[in-house]
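Residue numbers (my numbering): 45 to 480. Glycine is no exception: its CB is placed at the ideal position from the N, C-alpha and C atoms. Owing to the predicted nature of the structure, the values given are computational and were not obtained by experimental measurement. Data first, discussion second: the structure below is written as structure tokens.
Take a look at the structure:
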């Protein structure tokens, strides 16, 4: 990503959309030619002999080889480094259900990030489907083309059904990043924040405002990382999800607590952690003030968080805060996870991305934040100093060490958990995208 595009991405979460910025965003997508991705040739195609090998009659030989042994597709085609970014456009960023075609710039952007950060080739696919089953049928029918599938911007609760079915139907990794990518980065930052605040995740009282795909995945992964389920209080638009409440679907019911708490104020009183995956300005200063000393607040609604960071700090000066914005410290950004998770999974030809691989990614990201920050990261972020602490609990997306650290951890976890078909790569840990 060049320096101009990085500044634009910072502004996307850091300022309201001025007319000048809107035009800059449109120009970025239109110039020098429409879109953000393209297809490139990876082998010789200059001479008559090259063309004879590339297509007819030479192409018949790998066709026969793959027909004899499907694993040869990884040897003779781009399948092993190709991920599909697939959506139905029902939950586009914070914009809602605008349809699959409107989602295409987002999906192209995801493909750009795969290539930029992890050297993964990616193609976007926008599916017009009339039901979750139609979407499942479409994706499963084309899955053999790819080495992995990244599901994106699919509304809850359908996204749970879709991902579960596709994992069962496909023999390649299927990963809904809105769920698991958000959860992995959130968990990494949360573990560090709790450590700094002197709190134990096993005993921390956690409030989760939001009960959609990302919220449920975040709480599930925090439990995998040591949180106690009975200490988690999840809220949807109707308040606390408690045992016996009417109108609670099977996914929310996982976090139905045996409690007399009913409101956000009830839940936050004395709580150690607030995780917001809901909407702007839903956490008031008065409610924040009732939380325990040294609270951890992850207000991740974009572009405007559940509480303004300045107001939060003024209310609770001893808090640690993270947001989804790049103009404040501790940005929860999925790009810290998904490119490298797929890189590790592809390189050992994992059949799935399982819980062990997700937890390994959490700890790799978490531990990287504790290491000295290279000068090139400081330069890219226009900072003089950055070290582990209240305002640095999560690595910066431009930290190239993420590639080697997270990919290696994911690959090793895939092997150790028995879902990898290849051994640990000889060139690991990777140093740069050029090594991919």
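Setting aside the 5 residues that flank it on each side, residue 226 is surrounded in the same chain by 258, 261, 262, 321, 344, 376 and 378, each with a C-beta closer than 8 Å to its C-beta; the list follows chain order. Within the same chain, 477 and 480 come within 6 Å of residue 163 by CB-CB distance, once the 5 residues on both sides are set aside.
Per the coordinates, the alpha-carbon of residue 141 lies some 26 Å from the alpha-carbon of residue 190.
For the options 424, 384 and 127, the alpha carbon positioned closest to that of residue 442 is the one of 424. Along the length of the segment 289–357, whole alpha helix (DSSP H) runs at least 4 residues long occupy 308–312 and 329–333, reported in chain order. The segment 399–406 and the segment 450–470 touch, with three or more beta-carbon pairs separated by less than 8 Å. Taking residue 204 as the centre and dropping the five residues before and after it, the same chain places the C-beta of 295 closer than 6 Å to its C-beta, in chain order. Per the coordinates, the alpha-carbon of residue 77 lies some 33 Å from the alpha-carbon of residue 178.
Ranked by Cα distance from residue 336, the options 360, 319, 448 and 133 are led by 360. Relative to residue 433, the option among 412, 450, 448 and 420 whose CA is nearest is 412. For residue 277, the enclosing beta strand (DSSP E) begins and ends at 276–280. Look at residue 438 here: in three-state DSSP terms it is coil, with no helix or strand label. The residue among 90, 416, 449 and 194 with its C-alpha nearest the C-alpha of residue 474 is 449. Within the DSSP bridge table, the entry for residue 267 names no partner.
Under DSSP, residue 286 takes part in a beta bridge, and its partners are 301. In this chain, the alpha helix (DSSP H) harbouring residue 110 covers 104–112.
Separation of the CB atoms of residue 172 and residue 144 is rounded to 5 Å, and the pair is thereby assigned contact status at 8 Å. In summary, residue 120 is exposed, with fewer than 16 beta-carbon neighbours lying within 10 Å of its beta-carbon over all protein chains present.
The bridge partners DSSP lists for residue 253 are 279 and 320. Assignment of residue 367 by DSSP, reduced to helix, strand and coil, places it in the strand class.
Following the DSSP letters along the chain, one finds residue 219 inside the beta strand (DSSP E) bounded by residues 218–220. Residue 100 is not bridged by DSSP to any residue. Distances from the alpha-carbon of residue 87 to those of 393, 63, 98 and 220 put 98 closest. Per DSSP, the beta bridge partners of residue 165 are 126. If you check the CB distance, residue 301 and residue 274 come in under 8 Å. Under the 8 Å Cβ criterion, the segment 380–397 counts as touching the segment 205–220, having at least three qualifying pairs.
Taken in chain order, no unbroken stretch of beta strand (DSSP E) lies wholly in the segment 64–89 with a span of 3 residues or more.
Excluding residues up to 5 positions away in sequence, 200 and 321 lie with their Cβ nearer than 7 Å to the Cβ of residue 256 in the same chain. Three or more beta-carbon pairs separated by less than 8 Å link the segment 230–247 to the segment 303–320, which places the two stretches in contact. Non-local beta-carbon contacts of residue 464 in its own chain, meaning distances under 6 Å to residues more than five positions away in sequence, involve 392, 394 and 458 in chain order.
Under the DSSP definition of a beta bridge, residue 170 partners with 131. Pairing residue 108 with residue 381, the inter-Cα distance amounts to about 38 Å. Going by beta carbons, residue 131 and residue 221 fall outside the 8 Å limit. Checking the DSSP bridge columns, you'll see residue 375 partnered with 367. Taking residue 444 as reference, the option from 418, 431, 462 and 467 with the minimal CA-CA separation is 418. In this structure, DSSP gives residue 430 a state outside helix and strand, which the three-state scheme calls coil.
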